[in-house]
Structures are given as structure tokens and as C-alpha cells.
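First up is the structure itself, then whatever we jot down about it.
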């Protein structure tokens, strides 16, 4: 062990025991990854910190770093004496990188097509166990899963909460909708986890990128599908219980009309911006919020009988309806693929 590594481990254990954080700036190649993991693991296994062991979330924006972390944990395990539990690790990347094909509209993969439910569960359990047996790089998980018609992404996600170390992208913690969709599904509590952020100087740009939202034709189509599903669920409930229509069902119908009225005008507006953007040789166009809201408000003006007169109130009413849309979440859903209304 290098002297610099020893100092970093000592500092890391000390600040973690005090509930603080450590910002380490050092040249490449001195062993920051090993030192960060060692101090986090020691703190995680220290019974004085908590009655339950903390999960360690190692975040990096580079897939090449994933392999380094896996290999580092393997080396740590090789030095653990027999009879003492080894460190378990789950390495996970985005679903598009792990599944053979992911449907753009639904966010679902075809990894387990034609596999019956009972077999699907047993196959995932087998892969989950193998992932936790020893630290494995995500490439191994993908290869093993595809060869046996198991969804490697779903199996890795189900194993994550049982592992000592999770290796993943920054988005799992720092982008709200990804965090809320992924960590609870993995069985990981952020409040009791130890975070290691690799190359933290890249974090601001990655967070800005993760928070970026795009308005496209597909967004409106998917939102329309979400509303139709939501409305159908409400209608079936009314029919099965033989009750009066609920306010939610009425609001869903109103929202459906508004989204239908939006699609053509917004598409036309986007086409005009696209042409303007091409005329400026691809330079970014600054679009004011006022202009965008004006397009929305004019598009939905007159759609509802009892709507508000002013633009802001009209748009705000539609936004409230959008946030009321709830759709049934799939077990294997991720990130913002769930509900384009919100």
C-alpha cells in the first residue's frame, strides 16, 4: 500500500464515522479507487456506525471505470481470509446497454419473450445468485443472461439491494426521476448508503444533462397513450362498481381533449423552429418560456366549456390534470419511461 493510499483510507474512515465527506484530488494512478472502496467498506462493516450494514454506491460516468472497480473488489476479496464473508458487488448500466432490444415507446425489452412466468422467476433467481457469488463485470451478466433468455438488467437490479457494493451511473442518485424509480426498486435506501463519486468534477455537466427535458412528437403520443390507459382504468372501476363517474374520470376526459388539441399546433411550431435552426447552421436557439406557454395556451383555448380565461390559468389547469395521471407501473420499469404526462 502506498503512503498516499493509507492517508486517504484513514481520512475516509474518520470523516465517515463523523457523518462527513471527503473530497480527494490526486493524480491518476495512485490508487484512489482502491482507497475510497477500502475506507467505505471498513466504515460499512464497522458495527459502531449502524445496526445495519450500509450499501456502498460507487458512481462513475465511464464504463471503463466499472471494470476497474470490479477488479479492485476482486483483489480485496483475494486478501480476505477463509471463513470471512467476501465482498459482494453488482455492476449495472442502462437498460439499453444490457438488453438485446428495448422498445422505444414502452421501455420494455424482449429478453424474456416466450418465457413462461414460473420459468422467468427461476431463471432470474439463478442469475441473481450467480451475480452475488463473486464480483462480476456487467459484460459477464449480459452474456450469461442473453444465452439463457434472462433479462440481465432486471436480474442485476434485483440483486443490487443484497450486495455490499453497487457500481452504477451518476443518474441513479443525482437525477430525481431516475433515483425514485431505481433505488427503491433495488431495495436501497439512499439515507443509509455510502456514496463514492468517481471524477466528481464531471458531475455538474452530467446533472444538467440528466435534468434536460425534450418536447417531441413521441412525448405527446406517449402521453396520449398514458392518459387513455388511465382513463380506461377509471372507467372499468366505475363499471365494475356500478357507481357514478368520478371527478378523476371527468378530468381525464378533459385532459384527453386538451392533448389532442395540442398535437398539431405544437408539431407545426416545432417544425418552424427546426427550419429556423437549420438556417442558423445548427446554432442553439433561445426560446422564451413565454413563447412556449403561449403556443400551449392558444392550442387548448376553447377546448373545454368551463376553462379559465387567462393563459396562465388555462395552462396551469392542464398541468394539474397531467400530474393527476397515474398508470400501473411495470415491475421492470426504469427512469422516465413510466409516465410522459409528468
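Numbering (this note's numbering), first residue to last: 544 to 885. Using N, Cα and C, we set each Cβ at its ideal position, and we do this for glycine too. The structure presented is a predicted model; accordingly, all values stated were derived computationally and were not measured.
query, result
"Spatial neighbours of residue 609 within its chain, please: C-beta separation below 8 Å, excluding the five flanking residues on both sides.", "603, 634, 636, 680, 681 and 710"
"Between the alpha carbons of residue 764 and residue 717, how many angstroms are there, rounded?", "28 Å"
"For residue 748, does the three-state DSSP call read helix, strand or coil?", "helix"
"Going by beta-carbon coordinates alone, are residue 559 and residue 582 separated by less than 8 Å?", "yes"
"Can you check which of these residues, 798, 786, 714 and 811, is closest to residue 760 by C-alpha distance?", "811"
"At the level of alpha carbons, what is the spacing between residue 554 and residue 579?", "10 Å"
"Can you list, in chain order, the residues of its chain with a C-beta nearer than 6 Å to that of residue 703? Leave out the 5 residues immediately preceding and following it.", "633, 709 and 729"
"Would you decide whether residue 707 is buried or exposed? Buried here means 16 or more other CB atoms lie within 10 Å of its CB.", "buried"
"Hey, could you find the ends of the alpha helix (DSSP H) residue 792 is sitting in?", "790–822"
"Cα separation between residue 879 and residue 770?", "Low local confidence applies: a pLDDT of 43 at residue 879 is under 50, so the model's placement there is unreliable, with the coordinate-based value given in what follows. Approximately 16 Å, taken between the alpha carbons."
"If you count every other CB in all the chains shown that lies within 10 Å of the CB of residue 621, and 16 or more means buried, which is it?", "exposed"
"Return helix, strand or coil for residue 534, following the three-state DSSP convention.", "One cannot answer for residue 534 here, as it falls past the ends of the chain, which runs 544 to 885."
"So, using beta-carbon positions, are residue 713 and residue 746 closer together than 8 Å?", "yes"
"Using a Cβ-Cβ cut-off of 8 Å, state whether residue 780 counts as contacting chain B.", "The structure shown has no chain B; it contains just one protein chain."
"Pair every Cβ in the region 775–792 with every Cβ in the region 821–839, then say whether three or more of these pairs are closer than 8 Å.", "no"
"Under 6 Å Cβ to Cβ from residue 767, same chain only, skipping five residues before and after it: list those, please.", "802"
"Run through DSSP, which three-state label would residue 866 get?", "helix"
"Specify, as a first and last residue, the run of the beta strand (DSSP E) that residue 634 falls within.", "632–634"
"Which residue from 639, 866 and 577 puts its Cα closest to that of residue 546?", "577"
"How far does the beta strand (DSSP E) with residue 600 in it reach, from first residue to last?", "599–602"
"Identify which residue in 776, 687 and 699 has its Cα closest to the Cα of residue 796.", "776"
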